[in-house]
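Student: Pasting a structure here, questions to come.
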Amino acid sequence: MTNVHQCLQDWGLSVQVSFSKNFVSAIYYHRALLKQIVVLFTRLPEGSIFSEQVLFSLRTLEISFWRRMGRVVENISKRCGGFLRQLSLRGCLGVGDSALKTFAQNCRNIEHLNLNGCTKITDSTCYSLSKFCTKLKHLDLTSCVSITNSSLKSLRNLEHLNLSWCDQITKDGIEALVKGCSGLKALFLRGCTQLEDEALKHIQNHCRELVILNLQSCTQISDEGIVKICRGCHRLQSLCVSGCSNLTDASLTALGLNCPRLKILEAARCSHLTDAGFTLLARVRIILKMYSLPNFHWYHNTLIQLSVHCPKLQALSLSHCELITDDGILHLSNSTCGHERLQVLELDNCLLITDVTLEHLENCHSLERIELYDCQQVTRAGIKRIRAHLPDVKVHAYFAPVTPPPSVGGSRQRLCRCCIIL
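What follows is the structure, given as structure tokens:
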């Protein structure tokens, strides 16, 4: 009982799989301390832990990946009353507009709401949230594919919004959104394939406080849109344009000249970006902490410039940069960022690197993770050696199983001894 008390008091409660009667009794006994419950993939009788007495003062609740919600969400909202501040229903496929309308009416102090993967909800849910939940700041609607521009017209005063894979959203919806949520600090638009440069113009005009912007796989975006973002969002610290295949070095130039706080750039699969553009960006972005290069061919000078001009670099993705060599990694490992800062290095599908790269990386004392999938010239022996020098590093690699030699002297047995053919 003392251990439960300490858990509830210091860290909240994380619940998974199942409950015993004694455990539920302990929760009830210490209910005054309970502030957070996390329930994942659990078949839990509603009356056990979701009682009015237990939930009365709850602040945070996560009940992700429940398929059959029934009246659970509605009952929870009634029992938590005005105390609940954060709720995650991630992956709860059975949650619909009706349950969330009841929730919005009863939990008017909610600040963070995660509806990622709740595919049944529609614009009606956003209307309910905008009407009753005026304190809502953080909303995740990832993969809520029925959400349209109408939802965005109703939202107000959000600071963090995730609309990833809501592919019905267009520039008109973004215009309505940013007029009502001009204080947005984080906006995720991954997979919103209908968005064009005009949508980014609206963000430029209204979102001066924007810090994080994710445009992954927004394939219609061009340099014109990125230039607009750079000119209007000078506080930008993180930008993802992976899969925006129309971008050229003009976007990198705009980032270098207009976004002095940029720390994270992801630009995988942007094949028109060149070594010259990344070199210019590296020279002016001394505070960059994370860098994801596209799979382009002119890379060697970029690594040199990163090594010289980005001493705070902590993570670097070179995935699918198929012409990267051991010499390029040598420059990185000998730099200030390599010696003192670099924590993550992704080298998957870099076909020319060998165990020599791992020898260079032994100098990177802060390294925590290396990705080496499909690096065909890297061996188990090389990985063993770097682990001996850096015992805390996690090396992710895959080696195909050895093909068994052909049988000699007749056909081999095709069935195990316990099997028979009927």
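Note that the numbering used here has the sequence shown beginning at 99, numbered continuously upward.
Using N, Cα and C, we set each Cβ at its ideal position, and we do this for glycine too.
Given the structure is predicted, the values throughout are model-derived calculations rather than measurements.
Give the straight-line distance between the Cα atoms of aspartate 524 and leucine 198, rounded to the nearest whole angstrom.
Tutor: Summary: the structure shown does not reach residue 524, with the chain confined to residues 99 through 520, and so no result is reported for it.
Student: Starting from phenylalanine 286 and walking both ways along the beta strand (DSSP E), at which residues does that stretch end?
Tutor: 284–286 is the span of the beta strand (DSSP E), which, as asked, contains phenylalanine 286.
Student: Given that a residue counts as buried once 16 or more other Cβ atoms are within 10 Å of its Cβ, and exposed if not, what is lysine 251?
Tutor: Label assigned to lysine 251: buried.
Student: Could you tell me which uninterrupted alpha helix (DSSP H) segments, each at least 4 residues in length, are contained entirely in the segment 367–449, listed from first to last along the chain?
Tutor: The qualifying runs are 373–382, 398–407, 424–431, 434–438.
Student: List the endpoints of the continuous alpha helix (DSSP H) containing cysteine 342.
Tutor: No alpha helix (DSSP H) holds cysteine 342; DSSP gives it neither H nor E.
Student: For the putative contact between aspartate 195 and isoleucine 219, defined by C-beta atoms under 8 Å, what is the C-beta separation to the nearest angstrom?
Tutor: Yes, they are in contact, since the Cβ atoms of aspartate 195 and isoleucine 219 sit about 6 Å apart, within 8 Å.
Student: By how many angstroms is the C-alpha of arginine 157 removed from the C-alpha of isoleucine 147?
Tutor: With a pLDDT of 45 at isoleucine 147, under the threshold of 50, the predicted position of this residue should be treated as unreliable, though the coordinate-derived value follows. C-alpha separation (whole angstroms): 15 Å.
Student: Return the chain-ordered list of same chain residues with a C-beta closer than 6 Å to the C-beta of threonine 346, the five sequence neighbours on each side being excluded.
Tutor: Same-chain partners within the cutoff: Asp321, His370.
Student: Exposed or buried, what is alanine 498 when buried is set at 16 or more other beta-carbons lying within 10 Å of its beta-carbon?
Tutor: When all chains shown are included, alanine 498 counts as exposed.
Student: Kindly list the residues whose CB is nearer than 8 Å to the CB of tryptophan 263, restricted to its own chain and excluding five residues on each side of it in sequence; keep chain order.
Tutor: The answer, listed in chain order, is Thr240, Ser241, Val243, Arg288, Gly289, Cys290.
Student: Tell me the DSSP bridge mates of serine 280?
Tutor: According to DSSP, serine 280 bridges with nothing at all.
Student: Exposed or buried, phenylalanine 139, counting other C-beta atoms within 10 Å across all chains shown (16 or more means buried)?
Tutor: Confidence is the limiting factor: at phenylalanine 139 the pLDDT is only 45, short of 50, which leaves the residue's position unreliable and the question unanswerable from this model.
Student: If I measure Cβ to Cβ from valine 442 and keep anything under 6 Å in the same chain, skipping five residues before and after, which residues do I get?
Tutor: If we look at valine 442 and ignore the five residues flanking it on each side, its Cβ neighbours are Ala413, Arg467.
Student: Mark glutamate 307 as exposed unless 16 or more other C-beta atoms lie within 10 angstroms of its C-beta, in which case mark it buried.
Tutor: Looking at its Cβ environment, which holds fewer than 16 other Cβ atoms inside 10 Å, glutamate 307 is exposed.
Student: So what does DSSP say about glutamate 160, is it helix, strand or coil?
Tutor: Strand, per DSSP.
Student: Using 8 Å for Cβ pairs, my map puts aspartate 446 next to aspartate 472. What's the rounded Cβ distance?
Tutor: The Cβ separation is near 6 Å, so the contact holds.
Student: Would you tell me roughly how many angstroms separate the C-alpha atoms of glutamine 335 and lysine 361, rounded to the nearest one?
Tutor: Using only the alpha carbons, I get a separation of about 5 Å.
Student: For the putative contact between valine 523 and arginine 329, defined by C-beta atoms under 8 Å, what is the C-beta separation to the nearest angstrom?
Tutor: This structure cannot speak to residue 523, because the chain is shown only from 99 to 520.
Student: Compute the distance between the beta-carbons of threonine 400 and alanine 380, then report whether it is under 9 Å.
Tutor: In this structure, alanine 380 lies closer than 9 Å to threonine 400 by Cβ.
Student: Do you know offhand how far serine 249's Cα is from cysteine 224's?
Tutor: If you take the alpha carbons of serine 249 and cysteine 224, they lie about 5 Å apart.
Student: Identify the continuous alpha helix (DSSP H) that holds serine 186 and give its terminal residues.
Tutor: No alpha helix (DSSP H) contains serine 186, which is instead part of the beta strand (DSSP E) from 184–186.
Student: Identify, in the order they occur along the chain, each residue of the same chain with its Cβ nearer than 7 Å to the Cβ of leucine 488, setting aside the five sequence neighbours on each side.
Tutor: Cβ within range, chain order: Glu460, Leu465.
Student: Should lysine 492 be labelled buried (16 or more other beta-carbon atoms within 10 Å of its own) or exposed?
Tutor: Exposed is the call here.
Student: Would you check if the distance between the CB atom of leucine 253 and the CB atom of phenylalanine 286 is smaller than 9 Å?
Tutor: Not closer than 9 Å, so no.
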